[in-house]
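J.: In our numbering, the protein residues as written are 1 to 104. Even for Gly, the Cβ is constructed at its ideal location relative to N, Cα and C. Before I ask anything, here is the structure I am working with.
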């Protein structure tokens with residue numbers, strides 16, 4: 001068995017207009033953990049359906065429990081204002097006297 005590439009590790013969300021649920025198939029470990037946790041807390045709204053040999057999992061979730069949020073890109077003006085605000089208040093500061101450089 002060959003390992004899947006990151007490109008091949010898909011997340012697929014399927015539904016139709018008649019059903020009242022979404023089928024979500026994903027290889028994403030973060031999403032899998034979130035769906036497992038949600039299914040344990042709310043079994044009447046979400047359930048684990050299956051897992052394949054490569055680690056992909058399928059869940060079924062009520063349509064009202066899953067949303068897709070579209071966010072508009074920042075304008076250049078807003079991006080610059082946010083950057084200046086962060087610099088002014090040192091929002092990327094670790095609290096240890098150094099600016100965060102990507103590693104703690």
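(1) In whole angstroms, what is the alpha-carbon distance linking residue 75 and residue 53?
(2) Run through the stretch 21-102 for me and flag every whole alpha helix (DSSP H) of 4 or more residues, listed as ranges in chain order.
(3) Per DSSP, which one or two residues make a beta bridge with residue 14?
(4) Once the 5 residues before and after residue 97 are set aside, which same chain residues still bring their CB inside 8 angstroms of it?
(5) With distances taken between CB atoms, is the gap from residue 39 to residue 25 smaller than 8 angstroms?
T.: According to the structure data:
(1) 44 angstroms
(2) 29-41 and 76-89
(3) 23
(4) Note on residue 97: pLDDT 47, under 50, position unreliable in the model; the coordinate value appears next. Result list for residue 97: empty, nothing under 8 angstroms.
(5) no
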